[in-house]
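Worksheet for the structure shown next.
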Amino acid sequence: MRRQRVQSGTEWEEKVGYSRAVRVGNRVFVAGTTATDEDEVVDGDAYDQTKRAIENVERGLTEAGASLDDVVRTRLYVTDADDWELVGRAHEEAFGDVRPAATLVEVSRLVDPAMCVEVEVDAVVDEHGGE
151 MRRQRVQSGT
161 EWEEKVGYSR
171 AVRVGNRVFV
181 AGTTATDEDE
191 VVDGDAYDQT
201 KRAIENVERG
211 LTEAGASLDD
221 VVRTRLYVTD
231 ADDWELVGRA
241 HEEAFGDVRP
251 AATLVEVSRL
261 VDPAMCVEVE
271 VDAVVDEHGG
281 E
């Protein structure tokens with residue numbers, strides 16, 4: 151099966167050996183994505199960072215021929231589980247009626263101390279126009 155790789159151009163993809171997103175058939179997997187803008191972490195609280203991370207996820211999905219509407223699973227990694235309401239609000243605003251299966255997990259830290267959330271998604275693209 152053909153594999154389509156989507157790169158965002160960050161230095162980390164080359165250093166670590168990963169792709170922002172990979173599409174195989176009608177499935178799209180988006181790697182853990184943070185609130186970065188041109189390799190700098192966006193200032194803001196967990197809501198702002200989640201919103202930006204999801205926007206970055208959306209770019210990867212689009213390049214792979216998918217959209218937020220195709221997302222069936224999200225994973226949210228946070229450095230403080232008490233931020234769940236802020237993270238949840240940004241998630242709900244982005245996914246609304248899509249309502250993917252979701253997991254939120256507290257981790258001890260992310261790769262940059264300024265990061266407080268990382269988002270990962272799986273999507274299934276309906277290639278035939280029906281459900």
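Count along the sequence shown from 1, add 150, and you get the number used in the working numbering. Built from N, CA and C at the ideal position, the CB exists for glycine as well.
*Exposed or buried, what is M265 when buried is set at 16 or more other beta-carbons lying within 10 Å of its beta-carbon?*
buried
*Going by beta carbon distance, what residues of the same chain come within less than 7 Å of R295, once the five residues before and after it are set aside?*
It is not possible to answer for residue 295, since the shown part of the chain is limited to 151 through 281.
*V257, buried or exposed, once every other Cβ within 10 Å from all chains shown has been counted against 16*: exposed
_Between the CA atoms of H241 and D272 - distance to the nearest angstrom_ = 14 Å
_Under 8 Å, with one C-beta from each stretch per pair, do the segment 248 to 255 and the segment 184 to 199 reach the 3-pair mark?_
no
_Can you tell me whether A244 is helix, strand or coil according to DSSP?_
helix
_Closest to D198 by C-alpha separation, out of D247, F179, Q157 and D233, would be which residue?_
D233
*asked:* Comparing C-alpha positions only, which one of A196, E270 and E164 sits nearest to V221?
replied: E270
*Excluding the 5 residues preceding and the 5 following G279 in the sequence, name in chain order all residues of the same chain whose CB lies nearer than 7 Å to its CB.*
The pLDDT assigned to G279 is 48, lower than 50, so where the model puts this residue is not dependable; a value taken from the coordinates is nonetheless given after this. Hits under 7 Å: none found.
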